[in-house]
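Numbers given in this note's numbering equal positions in the sequence shown, counted from 1, plus 4.
Each residue gets a CB set at the ideal place from its N, CA and C atoms; glycine is no exception.
Just below is one structure, and these are the notes that go with it.
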Amino acid sequence: MSYLNLNKEKAQAVANELNTLLADYHLYYQKLRNFHWNIVGSYFFELHEKFEEMYNDAQVRIDEIAERVLTLRYTPTSNFSDYLEMAHVKESPSDLEDKEMMKTLLEDHGKLLKQMAKVMDAADKAEDEGTLDLIGGYIADHEKTSWMLDAWTMKKTEKHKVL
Ligand SMILES: [Fe+2]
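Here it is as C-alpha cells:
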C-alpha cells in the first residue's frame, strides 16, 4: 500500500532535483575535508575546526537527502562518478589561501542555495510537504553560514553589500 499522497510524475521531478542536490553536497563535503586537512597559516586552528563542523553538518544532510529520495520511492544516486557529472559544485585545489577557501565556500553556498530553490519549486508543485519542510530548514541555515563566511572575509572598514 502506498503511504504517499503524491502525484507520481511530480514526485519524480522532486527526486531528480534532490539527487542533483545530493551530488552538490558530496562535492561540497569533500571540499570541506580537503580544506580541513590542507589549511595553513595563522587561522589554522580556527578554520581547521570550523571546516570540520561544516562537513559534519553536510554529512548529516547527505544522509537525509538520500533517504528522502528513498521515501519518495526513488533511488538516490550513489556513485562519485555520477556526482562529478551532475554537480554544480566543482572540486578545488588543495593549496588555496585561507581567504580563497572562504570565497570558494561562499560561492558553493550560492550554488547549493540555487539547487535548493529548484527542489523547493518542484516540491511545491508536487505538494510534497515533507521535502518542503526538510529543505526549507537547510536554506535558512546556509544563508546564515554564508553571512558568517562573508563577514570573515571583510575588513573592519567595509560595509555589508546589499544584494
Ligand atoms: Fe580531522
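Check                                                                                                                                                                                        : Outcome
Any beta carbon from chain C within less than 8 Å of Arg77's own beta carbon?                                                                                                                : Although the question refers to chain C, the structure presented lacks it and comprises just one protein chain.
Given 8 Å as the limit, is there contact between the segment 132 to 146 and the segment 82 to 90, that is, 3 or more CB pairs closer than that?                                              : no
Return helix, strand or coil for Arg37, following the three-state DSSP convention.                                                                                                           : helix
Using only the alpha-carbon positions, how far apart do Tyr59 and Arg37 sit?                                                                                                                 : 7 Å
How many whole angstroms separate the CB atoms of Val18 and Ala126, which I take to be in contact at a CB cut-off of 8 Å?                                                                    : 5 Å
Which one of Arg77, Leu109, Ile43 has the shortest CA to CA distance from His92?                                                                                                             : Leu109
Please go through the same chain and pick out, in chain order, the residues whose beta-carbon is closer than 6 Å to the beta-carbon of Lys14, but skip the five residues on each side of it. : Lys129, Ala130
Do you know how far the Cα of Met152 is from the Cα of His164?                                                                                                                               : 11 Å
Short check: CB of Met90 to CB of Thr24, under 8 Å?                                                                                                                                          : yes
Taking only the alpha-carbon atoms, compute the straight-line gap between Leu74 and Leu88 and give it to the nearest angstrom.                                                               : 21 Å
Quick check: does the Cβ of Glu50 come within less than 7 Å of any heavy atom belonging to ligand 3?                                                                                         : No copy of ligand 3 appears in this structure; the ligands present are ligand 1.
May I have a chain-ordered list of the alpha helix (DSSP H) segments no shorter than 4 residues that lie completely inside the segment 38 to 84?                                             : 48 to 75
Pull up the distance between the alpha-carbon of Ser46 and that of Ser98, whole angstroms please.                                                                                            : 17 Å
Do Met106 and Trp41 have their C-beta atoms closer together than 8 Å?                                                                                                                        : no
Check the C-beta distance from Ile43 over to Asp102 and give it rounded, since I have them as a contact under 8 Å.                                                                           : 6 Å
Starting from His92, follow the alpha helix (DSSP H) in both directions and report where the run begins and ends.                                                                            : Counting along the chain, His92 falls outside any alpha helix (DSSP H), and DSSP gives it neither H nor E.
Closer than 7 Å to a non-hydrogen atom of ligand 1 - does that hold for the CB of Glu95?                                                                                                     : no
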